[in-house]
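Listed in order, the protein sequences are those of chains A and B. With my numbering applied, the first sequence corresponds to residues 673 to 802, in that order. With my numbering applied, the second sequence corresponds to residues 673 to 802, in that order. Below you'll find the structure, written out as structure tokens, and then a few comments.
2 protein chains.
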Amino acid sequence: MSRQELEVIDQDATCCPGLAAAPLDDERATELARVFKALGDPVRLRLLSMIASREGGEVCVCEMTPAFDLSQPTISHHLKLLRQAGLIDCERRGTWVYYWVLPGALDRLAGFLTTPQTAGATPQTPEATA
Amino acid sequence: MSRQELEVIDQDATCCPGLAAAPLDDERATELARVFKALGDPVRLRLLSMIASREGGEVCVCEMTPAFDLSQPTISHHLKLLRQAGLIDCERRGTWVYYWVLPGALDRLAGFLTTPQTAGATPQTPEATA
């Protein structure tokens, strides 16, 4: 696929070709693996979903903890890993810390995974393309 | 967001709302975390990218091993984890095993991550929506 085709799909990405555009180099794979690893845990996925789906875009940690059978330090640790992966950010206001999804972070990741065929052609199968 | 809006974005998904549509339940989070965990490793990401970016859609394991400083059993183990996550499939032909990306698997995952705003509105930020 051409770089131009990729940009049609991945409008939010400013730098990098997608997974299906060309074989990933080691450096980029290491960087992206860190993000996917952060998503590779049910508690972190639920936390991220709670934040991403919230009307207004931000959630107090005090609202997240009661949804889990986990201590607040454990929840905070999971949130820290999501933050270190560049998916969310936070701000302390008084007693509580508020979290939001970093604009574009999820869409860039989605763009990375989107295959060229999504732009309008039929899905690629070994039978169809061999 | 409405279910209808989601379907516009996530045309390949047949079942499930996205991460930003509503808080994930534990069962779905567990299932998806397994897929992201499979992606959370640089070697597996590079293998998947090698397969996904291949013209024709499939790659012999014999072509993948030389790209890594790893044994073939290790490569095969990583490929097995990608297969168990529902991202790729394979077939033995003679001496070698050939791998391809399962049609729709990456696009479904991308659709799950895509936020509603991608459909045309401006990105959601805490400032813009608070």
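Quick reminder that beta carbons are idealized off the backbone N, C-alpha and C, glycines included. Owing to the predicted nature of the structure, the values given are computational and were not obtained by experimental measurement.
Min CB distance Val769/A to chain B below 9 Å: One-based indexing of the first sequence puts residue 769/A at position 97. Not closer than 9 Å to any Cβ of chain B, the Cβ of Val769/A fails to qualify, so no.
Contacting positions in the region 742-755 of chain B - beta carbon closer than 8 Å to chain A: Listed in sequence order: no entries.
Residue environment, Trp768/A, which counts as buried when at least 16 other CB atoms sit within 10 Å: The residue given as residue 768/A occupies position 96 in the first sequence. Counting Cβ neighbours within 10 Å, Trp768/A comes out exposed, since fewer than 16 surround it.
Proximity test, Cβ basis, 9 Å: Pro738/A and chain B: Indexing the first sequence from 1 puts residue 738/A at position 66. False, the Cβ-Cβ gap to chain B never drops below 9 Å.
Cβ-based neighbour list, Ala710/A, same chain, cut-off 8 Å, excluding 5 preceding and 5 following: In the first sequence, the residue the question calls residue 710/A occupies position 38. Correct list, in chain order: Arg716, Leu753, Leu754, Gln756, Ala757 and Leu759.
Under the three-state DSSP convention, the category Glu727/B falls into: Against the second sequence, residue 727/B aligns to sequence position 55. Note: Glu727/B maps to coil in three-state DSSP.
Straight-line Cα distance separating Pro738/A from Ala693/A: For the purposes of this step, residue 693/A is identified with residue 21 of the first sequence, where counting begins at 1. For the purposes of this step, residue 738/A is identified with residue 66 of the first sequence, where counting begins at 1. So the alpha carbons of these two residues sit roughly 42 Å apart.
Any C-beta of chain B under 9 Å from that of Gly712/A: Taking the first residue of the first sequence as 1, we reach residue 712/A at position 40. Yes, Gly712/A counts as interfacial toward chain B.
Buried or exposed by the 16-neighbour rule on C-beta atoms within 10 Å, applied to Ser725/A: As a first step, residue 725/A is located in the first sequence; it is residue number 53 there, counting from the start. Looking at its Cβ environment, which holds 16 or more other Cβ atoms inside 10 Å, Ser725/A is buried.
Minimum Cβ-Cβ distance from Arg765/A to chain B less than 9 Å: Along the first sequence, one-based indexing puts residue 765/A at 93. Output row for Arg765/A: interface = no.
Reduced DSSP secondary structure (H/G/I, E/B, other) of Asp741/A: Numbered from 1 along the first sequence, position 69 holds the residue referred to as residue 741/A. Asp741/A: coil per DSSP, three-state reduction.
Neighbour flag for Val654/A against chain B, beta carbons, 9 Å: Beyond the ends of chain A as shown, which are 673 and 802, falls residue 654/A; an answer cannot be given.
Euclidean distance between Cα positions of Glu703/B and Pro714/A: Translated into the one-based positions of the second sequence, residue 703/B becomes position 31. Translated into the one-based positions of the first sequence, residue 714/A becomes position 42. Straight-line spacing of the CA atoms in Glu703/B and Pro714/A works out to 8 Å.
Nonlocal neighbours in the same chain, by C-beta distance under 6 Å from Glu730/B, ignoring five residues either side: Along the second sequence, one-based indexing puts residue 730/B at 58. Excluding sequence neighbours, Glu730/B sits near Tyr770 and Trp772.
Under 9 Å by beta carbon: chain B residues contacting Leu759/A: In the first sequence, counting from the first residue as 1, residue 759/A sits at position 87. The contacting residues do not exist; Leu759/A stays about 10 Å from chain B at best.
Separation of Ile747/B from Glu763/A, as counted between CA atoms: Looking up residue 763/A in the first sequence gives position 91. Looking up residue 747/B in the second sequence gives position 75. Roughly 42 Å separates the two Cα atoms.
Best match in Arg765/A, Cys688/A, Gly783/A and Met722/A for proximity to Leu751/A [C-alpha to C-alpha]: Position 79 of the first sequence, counted from the start, is the residue given in the question as residue 751/A. Residue Met722/A is the option with its Cα nearest to Leu751/A.
Option nearest Leu696/A by Cα separation, candidates Leu691/B, Leu719/B and Cys688/B: Position 24 of the first sequence, counted from the start, is the residue given in the question as residue 696/A. Ranking the options by Cα distance to Leu696/A, first place goes to Leu719/B.
Member of Phe708/A, Thr787/A and Pro775/A whose CA lies at the smallest distance from the CA of Gly728/A: The sequence position of residue 728/A within the first sequence is 56, counting from 1. Ranking the options by Cα distance to Gly728/A, first place goes to Pro775/A.
Start and end residues, beta strand (DSSP E) containing Asp761/B: Sequence index remark: in the second sequence, residue 761/B carries index 89 (1-based). For Asp761/B, the enclosing beta strand (DSSP E) covers residues Ile760 to Arg765.
Residue burial classification, Gly783/A (beta-carbon count within 10 angstroms, cutoff 16): To locate residue 783/A, count along the first sequence from 1; it is residue 111. The residue in question, Gly783/A, is buried, as its Cβ has 16 or more Cβ neighbours within 10 Å.
Local conformation of Cys734/A per DSSP, three classes: Taking the first sequence and counting its residues from 1, the one referred to as residue 734/A is at position 62. In this structure, Cys734/A counts as helix in the three-state DSSP scheme.
C-alpha gap between Leu691/A and Leu778/A, whole angstroms: Taking the first residue of the first sequence as position 1, residue 691/A is located at position 19. Taking the first residue of the first sequence as position 1, residue 778/A is located at position 106. For Leu691/A and Leu778/A, the distance between alpha carbons rounds to 15 Å.
Rounded separation between Asp663/A and Leu785/B - CA only: No answer is possible for residue 663/A: the residues shown for chain A start at 673 and end at 802.
Classification of Gly766/A by the beta-carbon crowding that lies within 10 angstroms, buried from 16 upward: Stepping through the first sequence from its first residue, residue 766/A is reached at position 94. Under this definition Gly766/A is an exposed residue.
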